Amino acid sequence: MKRIFAFFLLLLLSIVGFSQVPTVGLVGYWPFDGNALDMSGCIGHGTISGAVSDTGRFDDIDGAYWFDGVNDRISCADTFHLKTRATLCLWVKFTDTTRTMVFMCKYNAGMDEGLMLGKINDGHVFCAGRNGNNQYLTTGYSKGPIADDEWHFLVGVCDSNKWEIWVDGQLDNSATYNLTNYSIQSTSPVTFGYEPVGSAFYYEGSLDDARIYNRALNQTGIQALFYEGTTGLQGHKTGICRVFPNPATESISFSDIKPESVRIYDQQGRLVIAVDNGLTDGEKIDVSGLSNGVYYIEAVEGAKVYHQKLLKE
């Protein structure tokens, strides 16, 4: 009984600052957990060229990718086109203060449409692109450099004529333009670690958990992503597992652990799902029979117990 009480106390504390991780409009999701698979099923899986697995933002082995700044890159097929609004999200960690680099883009210098996330030589970050007006558009640079070898969450938002750059859940800079055409429907592929045409601007550093939405996320959605898998406090805590998708309708899987046993409880503490035969990598748990609402997951891998909150829709 004490164990169950402590379990629920931990998860109830996580409700502070909790918001539903946005899934509407999600057209690309690359967790980078030892591969470049697109878990959204929309844009497509990435082809890795040189980039190597690195420790992720939760200190998970093979939970991110490191790029050498010379020719490492990840490229995805051009199978999905954005229109007038989009959001790029990813976690970055780097130290360079000498070169301009591109983290992520659906853009190239030879086209007049698309957008990207990157950094300038002194470590300030930005979102920029073009929307069919023969004009280079930018959010402006972040207020300070983030070349500190720590993980930072970057979000670039294109909302027609308004462009924003968010750093660690906070709006850092923005610009508004008065243009009649604002299409970002680039046919350039989604790339990580470089721009596919022109100077390339190869990135040196690590990337984790990249997403693309075909809409402009607001503050609530951006902060939900920033605090995903945490207690809602600054800093990321151990003992929290990563479940995808979350919210879920049919099934869930674990992206960072392979638990030997899983327990799912409802809000009254009743056990509603138990799995004791161990899960293989990527194996799914059927949650389609659960009523809509909030549930609590307890997963055991080795000698460690992991927790997460699940929203069933």
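Oh and the sequence shown: position 253 is 253 in the UniProt record's numbering, straight run, nothing missing. Every residue gets a Cβ at the ideal spot worked out from N, C-alpha and C, and that includes glycine. Every value quoted in this text rests on a predicted model; they were computed, and no experiment measured them.
First and last residue of the beta strand (DSSP E) that includes residue i?
i	result
F126	125-131
A299	293-301
residue 315	Since the displayed the chain opens at 1 and closes at 313, residue 315 lies outside it and no answer follows.
T47	46-49
G205	204-213
R73	73-76
A274	271-275
K106	101-106
S261	261-265
First and last residue of the alpha helix (DSSP H) that includes residue i?
i	result
Q223	219-226
Give the straight-line distance between the Cα atoms of residue i and residue j, rounded to the nearest whole angstrom.
i	j	result
V294	W66	35 Å
S206	D54	7 Å
T84	D276	47 Å
G44	D208	17 Å
D96	H152	14 Å
F254	A175	39 Å
S261	Y203	39 Å
R211	L88	6 Å
N292	L311	8 Å
N35	N134	36 Å
V24	Y213	8 Å
T98	A303	44 Å
V92	A299	28 Å
A147	D68	15 Å
L225	L90	10 Å
T47	L154	23 Å
I120	R242	32 Å
I257	S40	20 Å
G140	G129	12 Å
S160	H81	15 Å
E301	E150	27 Å
Q308	L171	27 Å
T280	D60	17 Å
G118	A274	44 Å
Y296	P196	43 Å
A216	L37	24 Å
V305	G278	14 Å
I264	I252	12 Å
V287	D266	12 Å
I285	E250	9 Å
K143	G156	15 Å
V102	D112	17 Å
D72	L290	44 Å
D62	P31	10 Å
V190	S75	6 Å
Q219	A64	25 Å
K181	I240	This sequence places Asn at residue 181; Lys is not what is there. The alpha-carbon atoms of N181 and I240 are separated by roughly 44 Å.
According to DSSP, residue i sits in a beta bridge with which residue or residues?
i	result
E113	N131
S87	The amino acid occupying residue 87 in the given sequence is Thr; Ser does not appear at that position. According to DSSP, which records beta bridges pairwise, T87 is partnered with V157, Y213.
D54	A64
residue 316	There is no way to answer for residue 316, as the model of the chain reaches only from 1 to 313.
T138	A128
G28	I212
I252	I285
K93	S206
W163	C158, A175
K312	A248, G293
K258	For K258, which the question treats as bridged, DSSP gives no partner whatsoever.
G118	V102, F126
H81	DSSP output for H81 lists no bridge partner at all.
Please indicate yes or no: does the CB of residue i lie closer than 8 Å to some heavy atom of the ligand SAH?
i	result
L217	As presented, the structure is devoid of all ligands, the ligand SAH included, so that no description of it is given.
Give, in chain order, every unbroken run of the beta strand (DSSP E) that is at least 3 residues long and sits entirely within the stretch 165-198. 170-176
The stretch 164-175 / the stretch 119-138 touching (three or more Cβ pairs under 8 Å): yes
Should the stretch 97-113 be called in touch with the stretch 177-186, which here means at least 3 C-beta pairs below 8 Å? yes
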